[in-house]
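Chemist: One structure coming up, written as structure tokens, with questions to follow.
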Amino acid sequence: MKRFYLTLISVLLTVSASYAGDWSKIKIGTEGAYPPWNGTNAAGELEGAEIDLAMDLCARMNAECELVAQDWDGIIPALQNGKYDAIIAGMSITSERMEVINFSQGYANEPASFSVLKSSPLASLQSAGKVNMDALDNTSSALLDSLKSTLDGKVVGVQGSTTHENFVKQVLGDSVTMKSYDTQQNLELDLTAGRIDAALSDKGSMEEFMSSDNGQNITFIGPGLGGGPFGGGVGAGLRKADTDLLEMINKAIDEARADGTLAEHFIKWFGKDISM
Amino acid sequence: MNYELMIDTFPKLLGGSYITIQLVTISLFIGFCLAIGLALLRLSNNYFLNFFAKTYVFYFRGTPLLVQIFLIYYGIAQFEVVRESLAWIFFKEAYWCGILALTLNTCAYSSEIIRGGIQSVPFGQIESARSTGMSRFLLYRRIILPIAFRQALPAYGNEMILMVKATSLVSTITIMDITGIARLVIAKTFSPVEIFIAAGLIYLTINFIITRLISYCEFKLTPYLQKSE
Amino acid sequence: MDLELLVLGDTGWGDEMLRAALVTLMVSLSAMSIGLFISIFGTLSKLSNKIYIRVLADAYTTIIRGIPELLVIYLLFFGGSNAIMGLAKLFGYYGYIEINAFIIGSVAVGAISGAYSTEVMRGAFLAIPRGQVDAAKSVGMNKFLIFKRILVPQVLRYALPGLGNVWQLTLKDTALIMVTGLVEIMRQAHVASGSTYSPFTFYITAAILYLILTTASNKVFNSAENWANKGVRRA
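Protein sequences, first through last, are from chains A, B and C. Taking my numbering, I'd label the letters of the first sequence as residues 1145 to 1420. Taking my numbering, I'd label the letters of the second sequence as residues 131 to 359. Taking my numbering, I'd label the letters of the third sequence as residues 75 to 309.
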């Protein structure tokens, strides 16, 4: 009877061969709605810097890889459920996430910034300077304060379950009305539509939007933000238990960094080197 | 299962039920009023009015509510004409887009329920009312609508419950109803199962109350079920 | 509205949308089948003499019909794998088990569909006059024969209109399984509208595809009803 049930289960389900130590096949979860990190093209295929990177890392680990698209807000629970073995989806390494999953070393780092419509009164706040939330000095505190006072009472959009959402909640708090979107793309749509006064996102993906026909009238304001709630760079998310896979991915990233391909993937899609 | 987390989340989710109940009440109320009109159009002999009502019902019953919500919220905002018009004051707000989608949707379903109720009124009753010289308005007010209402009540009760459930979809357009808050909590705790069960319990409670209210109304409106003193 | 976005081939999303429509149809069919399968047990349980079986069946239909479909799907999506992995552990398998999105979508919508089908089937069952069963017994039919000759043909006839409604409901509910990552109409429209920033174009296309599916299946159900009502005398 036991055998019967096992057969039944294996017929109904794809039992992923993820015994410890056997990583000849790896499933990688990504969002597919976050270009140029990971997007979807008109052929219905995933594409972007992280898609290239994932394939590159897999080749280095001698593994056969399959990419799985997953909505952002369920991307960590689905990893824990075993829907895939690693997340490569522009996910910042934060202490909150570290409580439930492991991260590889960071492979890219891109500051966050607020953006507004060029016609908006908020556009008068210059896009200048950098703020590291972990090491606030007088200059950066002043930048942050002017950002806060500019945004006071405004409607700010973010993608839900992101570091950007955390920043707005923790730093801006009740001084703004926050709206959470399912995807970065829907956030961008509502920014152009004027439903929100400002959007907070990483610079790279917003720049991609600005270079398209639809995003011509968007501009950055205020300083580039990093550190603190934004975490320390973007890494691959892994289950706590899979420490062997963690080592493999870290080694593969080291190799890709050493021979320059890591930087190439990002230069190809972002037009600049944001690798780390 | 982390029961402590479920209990901790409950008050937060209950805060969202305020928006949920608001959405349900407003859209059911406006939807019902419009539905009476639509049902009358559907029963009219005028070809165009009938055709309009039929097409309306066909579209809103034939497509998922989620498509309707996205079309109204993201779809309409795609057009600059709309964004520059006065209508934008309305469409700018996710809340009103949500209300609009829910109202239009429930209107289509309710109108069919009302039509069924009106058609179920026995012809003899209408005839005898006419024979006593009732005007058309009086006929509707005294005979047709009360009987139709009683007939349609169980089906309309179901529609109310469907609407409570349907409101959970507006969480996809940034509205912070019960489901919207549940998503927000999950983003922090990464434990969807516990949070969604807690949210489910709240919906279940709301629907239970509605079911009880409807059966109470049914009982009150069915005199022969009540014991004579 | 930019129709160029909808061309077939790798430059447009037309072929992707059509393929997604096929997935919607397939997942609806398998969800409906699962639902009908559940409804047989649901109906029998609701008509059972044993109170705990009735309570169980009532709990199933009440809970499923009382909480939003989206939550049912989320719960099965996130909780389903865990439950099955827990089950597998009993049999000594400790790996991760991934349920394919199509199956989890079909099961989730099937569970919803099953609750509604149960109610329809129960109604149809109760609509058969008791006298007919008694009459069948008196001519010496056994239980199986009564089931086959008297109950099934009539239950089908009474249930068909209701099941037609359940089918429509099921078809539309599949739009919600976009959250599981299965590329059906709604998810494809969501992805495409995001990538092209043309939400109207893709959601209206999705709406049209759903209308085609609901209208076509309506026709099928109507002719099925006509077939099932063959030989019924009408006033």
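Note that beta-carbon positions come from the ideal geometry of N, C-alpha and C, so glycine has one too.
What did DSSP end up calling Q152 (chain B) once you bin it into helix, strand or coil?
Modeler: helix
Chemist: What does Q281 (chain B) reach in chain C if we use C-beta pairs closer than 8 Å?
Modeler: Those do not exist, as Q281 (chain B) stays about 16 Å from chain C at its closest Cβ, beyond 8 Å.
Chemist: Is the CB of E1309 (chain A) under 9 Å away from at least one CB in chain B?
Modeler: yes
Chemist: Anyone know if the C-beta pair for I202 (chain C) and V229 (chain C) falls short of 9 Å?
Modeler: yes
Chemist: I'd like the span of the alpha helix (DSSP H) that includes M1354 (chain A), first residue to last.
Modeler: 1347-1354
Chemist: Taking Cβ-Cβ distances shorter than 7 Å, what residues in chain A pair up with T304 (chain B)?
Modeler: The contacting residues are K1323, S1324, Y1325.
Chemist: If we ignore side chains and look at the alpha-carbon of each, how far apart do M100 (chain C) and Y190 (chain C) end up?
Modeler: 20 Å
Chemist: Measure the alpha-carbon distance for L82 (chain C) versus I243 (chain B) and round it to whole angstroms.
Modeler: Approximately 41 Å, taken between the alpha carbons.
Chemist: Out of C:Y170, C:Y232, C:D247, C:I177, which one is the CA nearest neighbour of K304 (chain C)?
Modeler: C:Y232
Chemist: Can you check which of these residues, C:S102, C:G88, C:R93, C:L150, is closest to F326 (chain B) by C-alpha distance?
Modeler: C:L150
Chemist: For Q1303 (chain A), does the three-state DSSP call read helix, strand or coil?
Modeler: strand
Chemist: State yes or no: is the beta carbon of S107 (chain C) nearer than 9 Å to at least one beta carbon in chain A?
Modeler: no
Chemist: Closest by CA to T1174 (chain A), which one among A:S1324, A:M1350, A:G1218, A:S1168?
Modeler: Of A:S1324, A:M1350, A:G1218, A:S1168, the smallest CA-CA separation from T1174 (chain A) is found for A:G1218.
Chemist: Give me the chain B residues within the contact set of S1138 (chain A), using Cβ-Cβ distance strictly less than 7 Å, ordered along the chain.
Modeler: Only positions 1145 to 1420 of chain A appear in this structure, which leaves residue 1138 (chain A) out of reach.
Chemist: Does the beta-carbon distance from F165 (chain C) to N1225 (chain A) come in below 9 Å?
Modeler: no
Chemist: Please name the residues in the segment 248-282 of chain C whose beta-carbon is closer than 7 Å to at least one beta-carbon of chain A, in chain order.
Modeler: V253, G255, V265, G268, S269, Y271, P273
Chemist: Could I get the ranges of all uninterrupted alpha helix (DSSP H) runs contained in the segment 169-237 of chain B, with 4 residues as the minimum, in chain order?
Modeler: Correct list: 177-192, 195-200, 210-214, 218-221.
Chemist: Using beta-carbon positions only, say whether W87 (chain C) and F274 (chain C) come within less than 9 Å of one another.
Modeler: no
Chemist: Using DSSP with H/G/I as helix, E/B as strand and the rest coil, what is A1438 (chain A)?
Modeler: A query on residue 1438 (chain A) cannot be resolved here, the shown segment of chain A reaching from 1145 to 1420 and no further.
Chemist: Secondary structure at M1242 (chain A), three-state DSSP: helix, strand or coil?
Modeler: Residue state, collapsed to three classes: helix.
Chemist: What does the alpha-carbon distance come out to for the pair E359 (chain B) and P141 (chain B)?
Modeler: Summary for E359 (chain B): the model assigns pLDDT 49, below 50, so the residue's position carries little reliability; its value from the coordinates is reported in the next sentence. Looking at the two C-alpha atoms, the distance is approximately 45 Å.
Chemist: Identify whether K1412 (chain A) lies in helix, strand or coil by the three-state DSSP scheme.
Modeler: helix
Chemist: Would you please state the rounded distance, in angstroms, between the beta carbons of D1296 (chain A) and S1319 (chain A)? I believe it to be under 8 Å.
Modeler: 5 Å
Chemist: Under DSSP, the alpha helix (DSSP H) around S1086 (chain A) begins and ends at which residues?
Modeler: Residue 1086 (chain A) falls outside the range modelled here, since chain A spans only 1145 to 1420, and no answer is possible.
Chemist: Is there contact here, the segment 244-256 of chain B with the segment 274-285 of chain B, by at least three beta-carbon pairs under 8 Å?
Modeler: Result yes; three or more Cβ-Cβ pairs closer than 8 Å.
Chemist: Do A1252 (chain A) and F1311 (chain A) count as a contact pair if the criterion is CB distance below 9 Å?
Modeler: no
Chemist: Check distances from the C-beta atoms of the segment 1210-1230 of chain A to those of chain B and list, in chain order, the residues that come in under 9 Å.
Modeler: Those residues of the segment 1210-1230 of chain A that come within reach of chain B (Cβ to Cβ, closer than 9 Å) are D1217, G1218, I1220, P1221, Q1224.
Chemist: Going by the CB atoms, is the gap between I308 (chain B) and L363 (chain B) shorter than 9 Å?
Modeler: Outside the displayed range of chain B (131 to 359) lies residue 363 (chain B), so it cannot be described from this structure.
Chemist: Quick one: does R342 (chain B) have its CB under 9 Å from some CB of chain C?
Modeler: When Cβ-Cβ separations below 9 Å define contact, R342 (chain B) makes no contact with chain C.
Chemist: Pick out whichever of B:A285, B:N288, B:A259 has its Cα sitting closest to the Cα of I274 (chain B).
Modeler: B:A259
Chemist: Sort A:L1201, A:L1390, A:L1288 by Cα distance to N1276 (chain A) and report the nearest one.
Modeler: A:L1288
Chemist: Is P252 (chain B) close to chain C, meaning its C-beta is less than 9 Å from at least one C-beta of that chain?
Modeler: no
Chemist: Give the single residue among B:I199, B:I277, B:S240 whose Cα lies nearest to the Cα of F221 (chain B).
Modeler: Nearest Cα to F221 (chain B) within the set B:I199, B:I277, B:S240: B:I199.
Chemist: Compare the C-alpha of E289 (chain B) against each of B:S241, B:A217, B:P276 and name the closest.
Modeler: B:S241
Chemist: Is the Cβ of T136 (chain C) closer than 9 Å to any Cβ of chain B?
Modeler: yes
Chemist: Step through the CB atoms of chain C and report whether any lies within less than 9 Å of the CB of Q1360 (chain A).
Modeler: With respect to chain C, the C-beta atom of Q1360 (chain A) has no partner C-beta closer than 9 Å.
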